[in-house]
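Novice: Below are the structure tokens for one structure; questions will follow.
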Amino acid sequence: MHSFSLLITASTAFAVAIPLPGSTYPSPPCPSTTVTENLSSAFGWQLAGTVSSASSLSQTCTDLQDKQLLKWLNIGLDLTQVEKSACGTRMTSASDVLPKVVVANTETTAATLTRAFAADDYDTFGYLCDNLSYKRVAGFLLDENTIINATCQLAAPGGRIPNPAAFSVPESEQKNSSAIAAYADAQSQLYAYLYAAQASSTSDLDTLCQSASGEKEVASYDALQMNAERVRETICALQEPISVEQGKDQMKQWVSASFATVLVNASGVEGFASMLCEKLSVEGLESVGLDGELVKSFACNA
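Numbering (numbering that gives the first Met the number 0), first residue to last: 0 to 301.
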């Protein structure tokens with residue numbers, strides 16, 4: 000497994016926004032909408048960054064515009080966001096689109112965090128605000144400021160400033176290679192199943208398998224911090240096109256595994272996983288499309 004390079008450095012100061020009157024700005028979208036839109040956006044950027052040729056991306060965009068890829072919609076993706084990311088730019092190199100994937104994955108994780116615990120559980124959000132590690136979160140190629148601030152904003156009625164100690168983590172705790180590898184694996188399987196969902200025949204699957212095995216594609220998967228071999232294995236192991244229900248199940252499983260891996264490994268504080276096991280809200284996680292029991296099991300078995 001290749002190593003992750005950090006794109007975003009934790010800042011050393013953090014301000015809590017001063018609340019403005021509700022009529023001053025529109026309400027933010029609900030977390031479930033944010034999760035769906037950003038999962039779809041990330042997938043669209045990944046498509047743009049892994050195509051073997053401009054003509055291949057052009058065909059995908061034509062199919063999206065002609066509503067030929069409705070299985071993606073039925074599985075739970077927002078086709079408008081997929082098309083906007085994949086087709087609304089001329090950026091087609093993995094290095095160009097990786098920062099966009101980072102932003103989308105960050106928004107997905109932050110929105111999920113806001114529903115992972117009871118909304119009025121100030122103590123738990125305060126604990127997270129104080130004990131999440133900036134450097135550990137950044138190790139997953141996520142914007143640590145956005146994610147930790149999401150917990151701090153729910154730690155008190157008016158929000159509060161993150162704990163400065165979160166910036167100071169012993170070198171031995173700054174990077175968990177096995178957790179980073181597990182996250183890359185989950186993200187790779189998520190992408191692979193979504194990518195394979197476009198197939199409507201075994202012939203289509205053969206074509207997608209060959210594409211995923213191409214030298215350019217493999218290099219692109221690596222550059223996007225995915226496990227290229229896992230992507231290839233997952234796609235090529237499929238014997239028949241996946242159904243909508245199978246696609247939904249795989250999407251839910253790997254989005255849940257991705258989030259759980261980040262959350263459980265976002266702090267090195269003793270007792271952190273036990274706290275998560277006790278406080279995680281299965282219902283809240285289900286409300287944003289995750290498998291709440293699966294996420295909870297990650298914490299309880301850590």
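The C-beta atom is built at its ideal place from N, Cα and C for all residues, glycine as well.
Is it buried or exposed for Asp65, if we count other Cβ within 10 angstroms and need 16 for buried?
Specialist: exposed
Novice: Ser31 and Ser286 look like a contact to me (Cβ under 8 Å); what is the Cβ gap, rounded to whole Å?
Specialist: Taking 8 Å as the upper bound for CB-CB distance, Ser31 and Ser286 are in contact here, some 6 Å apart.
Novice: Do Asn73 and Val254 have their beta-carbon atoms positioned less than 7 Å apart in this structure?
Specialist: no
Novice: Starting from the Cα of Thr233, find the closest Cα among Gln249, Ser219, Asp221 and give me that residue.
Specialist: Gln249
Novice: Could you check whether the region 90 to 106 touches the region 137 to 144, counting it as contact only if at least three pairs of C-beta atoms, one from each stretch, sit closer than 8 Å?
Specialist: Short answer: they touch.
Novice: Where are the alpha helix (DSSP H) runs, 4 residues long or more, that stay fully inside the region 134 to 167, in chain order?
Specialist: Runs of the alpha helix (DSSP H) lying entirely within the region 134 to 167, each at least 4 residues long, are 143 to 151 in chain order.
Novice: Please determine, among Lys83, Glu36, Leu127, Ser92, the residue with the shortest C-alpha to C-alpha distance to Gly270.
Specialist: Leu127
Novice: Quick one: what does DSSP say Ala47 is sitting in, helix, strand or coil?
Specialist: helix
Novice: Closest to Ser51 by C-alpha separation, out of Leu262, Glu214, Glu228, Phe297, would be which residue?
Specialist: When each option's Cα is compared against that of Ser51, the closest is Glu214.
Novice: When you compare the region 284 to 301 with the region 113 to 125, are there three or more beta-carbon pairs, one atom per stretch, that lie closer than 8 Å?
Specialist: The count of Cβ pairs closer than 8 Å, one atom from the region 284 to 301 and one from the region 113 to 125, reaches three, so the stretches are in contact.
Novice: Kindly give me the distance between the Cβ atoms of Leu69 and Thr59, rounded to whole angstroms, as I take these residues to be in contact under 8 Å.
Specialist: At roughly 14 Å, the Cβ-Cβ gap does not stay under 8 Å, so Leu69 and Thr59 are not in contact.
Novice: To the nearest angstrom, report how far apart Thr307 and Thr61 are at their CA atoms.
Specialist: There is no way to answer for residue 307, as the model of the chain reaches only from 0 to 301.
Novice: Would Ser266 and Asn130 qualify as a contact pair, given that the criterion is a beta-carbon distance under 7 Å?
Specialist: yes
Novice: Quick one: what's got a C-beta closer than 6 Å to Asn37's C-beta in the same chain, skipping five residues either side?
Specialist: Ala103, Glu106, Thr107
Novice: Using 8 Å for Cβ pairs, my map puts Val230 next to Ala259. What's the rounded Cβ distance?
Specialist: The C-beta separation of Val230 from Ala259 comes to about 20 Å, leaving the pair out of contact by the 8 Å criterion.
Novice: Does DSSP put Ser187 in a helix, a strand or coil?
Specialist: helix
Novice: As a quick exercise: from Ser57, Ala53, Gly75, pick the residue whose alpha carbon is nearest that of Ala196.
Specialist: When each option's Cα is compared against that of Ala196, the closest is Gly75.
Novice: Which runs of the beta strand (DSSP E) fall wholly inside the region 48 to 77 and span at least 3 residues, in chain order?
Specialist: none
Novice: Per DSSP, what kind of secondary structure is Asp120 in: helix, strand or coil?
Specialist: coil
Novice: Quick check on Thr113: does DSSP put it in helix, strand or coil?
Specialist: coil
Novice: Classify Thr201: buried if its beta carbon has 16 or more other beta carbons within 10 angstroms, exposed otherwise.
Specialist: exposed
Novice: What first and last residue would you give for the alpha helix (DSSP H) that runs through Met250?
Specialist: 243 to 263
Novice: Does Lys295 pass the burial test, meaning 16 or more other C-beta atoms within 10 Å, or should it be called exposed?
Specialist: buried
Novice: Kindly indicate which three-state DSSP category Pro240 falls into: helix, strand or coil?
Specialist: coil
Novice: In terms of residue numbering, what span does the alpha helix (DSSP H) encompassing Gly283 cover?
Specialist: Per DSSP, Gly283 belongs to the alpha helix (DSSP H) from 281 to 286.
Novice: Three-state secondary structure (DSSP) at Val268?
Specialist: coil
Novice: Out of curiosity, what's the CA-to-CA distance linking Arg159 and Cys151?
Specialist: 6 Å
Novice: Which residues bound the alpha helix (DSSP H) around Cys29?
Specialist: Per DSSP, Cys29 belongs to no alpha helix (DSSP H) and is neither H nor E.
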